[in-house]
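Q: Numbering (our numbering), first residue to last: 206 to 768.
Note that beta-carbon positions come from the ideal geometry of N, C-alpha and C, so glycine has one too.
Just so it is clear, the structure is predicted and the values come from calculations on it, not from any experiment.
The following block contains the structure, expressed as structure tokens.
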Amino acid sequence: MPDHLKNNLKLLLSAVSCAVLLTACGTQSKKPETGEIPVIPEISENPENSENPENPETKQMPDSDSTESGTETSLKLVAFEHSQKETRNSESTESAKNSESPGNSENSTSSKQNGESSRTTETVTKTISKNSGNSNNSNNSGNSKNNSNNSNTSKTTTKNTTKTTATQVTSNPTTVTETVTEIPPTVPDVTQPEMTEPPEVPESTEVTEPEVVYKSGSVWEIMDQMTIREKIYQLFVVTPEQLTDSSLATAAGEKTRNAIHSRPVGGIIYFADNLVNSSQVSSMLSNSQQYARESGIGLFLAVDEEGGLVARCAKKLGTTKLSPMATYGTRNDFNEAFSVGQTLGNDISQFGFNLDFAPVADVNLNSGNELGNRIFSDDPAVTANMVSGVVQGLQSTGVAATLKHFPGLGAENGNAHYDDAVHIDRSLDQLREQEFIPFRSGIAAGSDFVMVSHQIVSGVGDGMPSCLSYTVCTDLLRDELGFNGIIITDSFQMNTISGSYAPADSAVLAIDAGVDIILMPSDLQASVDALEDAVNSGRISESRIDQSVERILLEKEKLNLLG
Numbered sequence: 206m207p208d209h210l211k212n213n214l215k216l217l218l219s220a221v222s223c224a225v226l227l228t229a230c231g232t233q234s235k236k237p238e239t240g241e242i243p244v245i246p247e248i249s250e251n252p253e254n255s256e257n258p259e260n261p262e263t264k265q266m267p268d269s270d271s272t273e274s275g276t277e278t279s280l281k282l283v284a285f286e287h288s289q290k291e292t293r294n295s296e297s298t299e300s301a302k303n304s305e306s307p308g309n310s311e312n313s314t315s316s317k318q319n320g321e322s323s324r325t326t327e328t329v330t331k332t333i334s335k336n337s338g339n340s341n342n343s344n345n346s347g348n349s350k351n352n353s354n355n356s357n358t359s360k361t362t363t364k365n366t367t368k369t370t371a372t373q374v375t376s377n378p379t380t381v382t383e384t385v386t387e388i389p390p391t392v393p394d395v396t397q398p399e400m401t402e403p404p405e406v407p408e409s410t411e412v413t414e415p416e417v418v419y420k421s422g423s424v425w426e427i428m429d430q431m432t433i434r435e436k437i438y439q440l441f442v443v444t445p446e447q448l449t450d451s452s453l454a455t456a457a458g459e460k461t462r463n464a465i466h467s468r469p470v471g472g473i474i475y476f477a478d479n480l481v482n483s484s485q486v487s488s489m490l491s492n493s494q495q496y497a498r499e500s501g502i503g504l505f506l507a508v509d510e511e512g513g514l515v516a517r518c519a520k521k522l523g524t525t526k527l528s529p530m531a532t533y534g535t536r537n538d539f540n541e542a543f544s545v546g547q548t549l550g551n552d553i554s555q556f557g558f559n560l561d562f563a564p565v566a567d568v569n570l571n572s573g574n575e576l577g578n579r580i581f582s583d584d585p586a587v588t589a590n591m592v593s594g595v596v597q598g599l600q601s602t603g604v605a606a607t608l609k610h611f612p613g614l615g616a617e618n619g620n621a622h623y624d625d626a627v628h629i630d631r632s633l634d635q636l637r638e639q640e641f642i643p644f645r646s647g648i649a650a651g652s653d654f655v656m657v658s659h660q661i662v663s664g665v666g667d668g669m670p671s672c673l674s675y676t677v678c679t680d681l682l683r684d685e686l687g688f689n690g691i692i693i694t695d696s697f698q699m700n701t702i703s704g705s706y707a708p709a710d711s712a713v714l715a716i717d718a719g720v721d722i723i724l725m726p727s728d729l730q731a732s733v734d735a736l737e738d739a740v741n742s743g744r745i746s747e748s749r750i751d752q753s754v755e756r757i758l759l760e761k762e763k764l765n766l767l768g
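See below:
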């Protein structure tokens, strides 16, 4: 046999051996029956080959030449199928290499080897086709048919694989590549806590300290620096409870300070319940005065210390216990009266009081009156003498005295604290002949204050309580008796006022009548607002307010309460 035929035969045998080997490898892998859905393998923990390859579509084989033998056709078919499978395996490996998971160098090397094997097979196929000529071998033909059947089976498998993404087995017997549908990695459901806005910070509950403007200079210069509302507040003397809106005050701290700055009243009156002991009272009054003077205008710090029955400090703080004023009146001794007044002044000034609502200047004309032995005498002259002595003795200590209760309560038969009204049937001539005498004496002695009470005097003729009567306050007390000091009312919390008049109305009526200071209004804020409205509306002129403020500041200047 010629050498070239021998060579061709060797090549043919090699090709047949390769085809047989390829067929054997294909039959080792279980081919699913037509219609059988292969089991999708579980995802390996190794992510190297987890990428989803392209879904291979069934490839149409190229048309064969009519001159090619069956063996040649079979070999081409086997080689082509092997080449396509190797190509798909190479693409799958390249896709895995480019995935997010780390690549596998062994798969990359295998892919290169498979590519080279595919090209080698194609070369062998082409060589056999070229040199075989018209040679026909029945065995090869049989093998070709078997290979063709295997190829058809492979096509069916490919179709099923495309639909189900089943496991694919490459033609390389040493490498098995699983191609699966990509399932994205499960992201653990870590629920983030819901972000909420921080809770709102509650507005500060601290009392905002009002702005305080220090006022200095003369009385008139200070008045120029005051607002109309500040002036109106000076027209009131209140309890510490009214000032601070508290149930009982026995100390003065920041609450009192803020209250004094926001409500700059003219003064504060203290009762027995406010007095606990000497040091407590001294501290309370000192603090209150200091807070007020931060604005340049100090406070009247008042108490009812008459001696005898009405003696807050003597009963609570252990100061000098004095006899009832009627006892001293029987002796009608001016010097003794002066001493009484001096004792009262010294006793209360040590705690910080600068205003005493004493002495009683009424004449005891009716045994049924509410005052009793608080009155010096039923004789106007005796009463006048004793009143004059007490006023001078009291004010010699730096404490302001107060004549009370103009135009006189000695003839009453009732009680202004509880009754709806107190009527006194007295003519103006009777008043001048008796009741006015002690008041004239006290005014002449220099009394700084005169307290006007709530009685309605028939001789006045206006039917008004005296503290709301222009005739009593201005015509009689200011003009006829010539009093130029401070007119202060008795407590407006007494029923004769609070039971018959609204706080706003009584405040406006009192100032309009000529009163300078209202004592203990039943509603401080309503009273202040009403007076401010009266000024704004023109019912009360600002000059009328200024008259009272001037008297108040002049008295405070005298008591060293300014600056």
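Decide yes or no for the touch test of the region 431 to 440 against the region 457 to 464: beta carbon pairs closer than 8 Å, at least 3 of them.
A: Output reads no: the region 457 to 464 does not touch the region 431 to 440.
Q: Among Asp667, Val592 and Glu762, which residue has its Cα nearest to the Cα of Ala718?
A: Asp667
Q: Only counting the same chain, and skipping five residues up and downstream in sequence, which positions put a Cβ closer than 6 Å to that of Ile693?
A: Around Ile693: Phe654, Met656, Ile722 and Leu724.
Q: So which of Lys761, Asp584 and Ala626 has the shortest CA-CA distance to Thr701?
A: For the residues Lys761, Asp584 and Ala626, the minimum Cα distance to Thr701 belongs to Ala626.
Q: Got a sec, what are the start and stop residues for the alpha helix (DSSP H) Glu760 sits in?
A: Glu747 to Lys763
Q: When DSSP builds the beta bridges, which residues end up paired with Asp561?
A: Listed as beta-bridge partners of Asp561 by DSSP are Val508.
Q: From the DSSP output, in three-state form, read off Lys609 for me.
A: Strand at Lys609.
Q: For the beta strand (DSSP E) holding Val677, just list the boundary residues, first then last.
A: It is not in any beta strand (DSSP E) - Val677 carries neither H nor E in the DSSP assignment.
Q: Kindly list the residues whose CB is nearer than 7 Å to the CB of Ile691, restricted to its own chain and excluding five residues on each side of it in sequence; keep chain order.
A: Asp653, Phe654, Asp721, Ile722, Arg756, Ile757 and Glu760
Q: Taking 8 Å as the cut-off, decide whether the C-beta atoms of Val565 and Pro612 are in contact.
A: no
Q: Roughly how many whole angstroms lie between the Cα atoms of Leu767 and Asp561?
A: 19 Å
Q: Which class does Leu766 belong to by DSSP, given the choice of helix, strand or coil?
A: coil
Q: Within 10 angstroms of the Cβ of Asn559, are there 16 or more other Cβ atoms? Answer buried if so, exposed if not.
A: buried
Q: Buried or exposed: Glu259, going by 16 or more other Cβ atoms within 10 Å of its Cβ?
A: Note on Glu259: pLDDT 39, under 50, position unreliable in the model; the coordinate value appears next. Exposed is the label assigned to Glu259, since fewer than 16 other Cβ atoms lie within 10 Å of its Cβ.
Q: State the Cα-Cα distance for the pair Ala586 and Pro643, rounded to the nearest angstrom.
A: 7 Å
Q: Going by C-alpha distance, which of Ser467, Val481, Gly513 and Gly472 is nearest Ala454?
A: Val481
Q: Please look up how many angstroms separate the CB atoms of Phe543 and Gly594, rounded, as I've assumed it's under 8 Å.
A: 4 Å
Q: Please check the pair Ile473 and Leu448, which I expect to be a contact at CB under 8 Å, by giving their CB distance rounded to whole angstroms.
A: 6 Å
Q: Rounded to whole angstroms, how far is the Cβ of Arg579 from the Cβ of Gly513, which I believe are closer than 8 Å?
A: 6 Å
Q: What's the gap between the Cα of Ser753 and the Cα of Tyr475?
A: 23 Å
Q: On a CA-only basis, which of Arg645, Ser746 and Gly501 is nearest Gly687? Give me that one, please.
A: Arg645
Q: Okay, do the region 736 to 752 and the region 707 to 718 touch, 3+ Cβ pairs below 8 Å being the bar?
A: yes
Q: Could you give the uninterrupted runs of the beta strand (DSSP E) lying entirely in the region 608 to 693, keeping only those of 3 residues or more?
A: The region 608 to 693 contains these whole beta strand (DSSP E) runs: 654 to 657.
Q: Enumerate in chain order the residues of its own chain whose CB-to-CB distance from Pro393 is below 6 Å, with the five nearest sequence positions on each side excluded.
A: Note that Pro393 scores a pLDDT of 41, beneath 50, so its modelled location is shaky and nothing firm can be said.
Q: Using the beta-carbon count (16 or more within 10 Å), is Lys526 buried or exposed?
A: By the beta-carbon neighbour count (other beta carbons within 10 angstroms, threshold 16), Lys526 is exposed.
Q: Assuming the contact rule is C-beta atoms closer than 8 Å, Ser703 and Ser732 should be a hit. Round their C-beta distance to whole Å, please.
A: No, Ser703 and Ser732 are not in contact; Cβ-Cβ is about 11 Å, not under 8 Å.
Q: Would a C-beta distance cut-off of 8 Å place Met699 and His622 closer than the cut-off?
A: yes
Q: Hey, quick one: how far does the alpha helix (DSSP H) through Ile502 stretch, first residue to last?
A: No alpha helix (DSSP H) contains Ile502, which DSSP labels as neither H nor E.
Q: In chain order, what residues of the same chain lie with their CB nearer than 8 Å to the CB of Ile750, ignoring the 5 residues before and after it?
A: Ile433, Lys436, Ile437, Leu440, Ile716, Leu736 and Val740
Q: Would you list the residues sitting across from Phe441 in a DSSP beta bridge?
A: Ile723
Q: Tell me, please, which residues DSSP counts as bridged to Tyr496.
A: DSSP output for Tyr496 lists no bridge partner at all.
Q: DSSP state of Ile580, grouped into three classes?
A: coil
Q: By alpha-carbon positions, which one of Asp584, Gln600 and Thr535 ends up nearest to Ile553?
A: Looking only at Asp584, Gln600 and Thr535, the smallest Cα-Cα distance to Ile553 is reached by Gln600.
Q: Since Gln503 and Gln494 should fall inside the 8 Å C-beta cutoff, what is the C-beta to C-beta distance between them, to a whole number of angstroms?
A: Strictly speaking, residue 503 in this sequence is Gly, with Gln absent from that position. Cβ atoms of Gly503 and Gln494 come within 8 Å of each other, at about 6 Å.
Q: Enumerate in chain order the residues of its own chain whose CB-to-CB distance from Leu549 is below 7 Å, with the five nearest sequence positions on each side excluded.
A: Glu510, Gly512, Asp561, Ala563 and Leu599
Q: Strictly by DSSP, which residues pair up with Ala516?
A: Glu510
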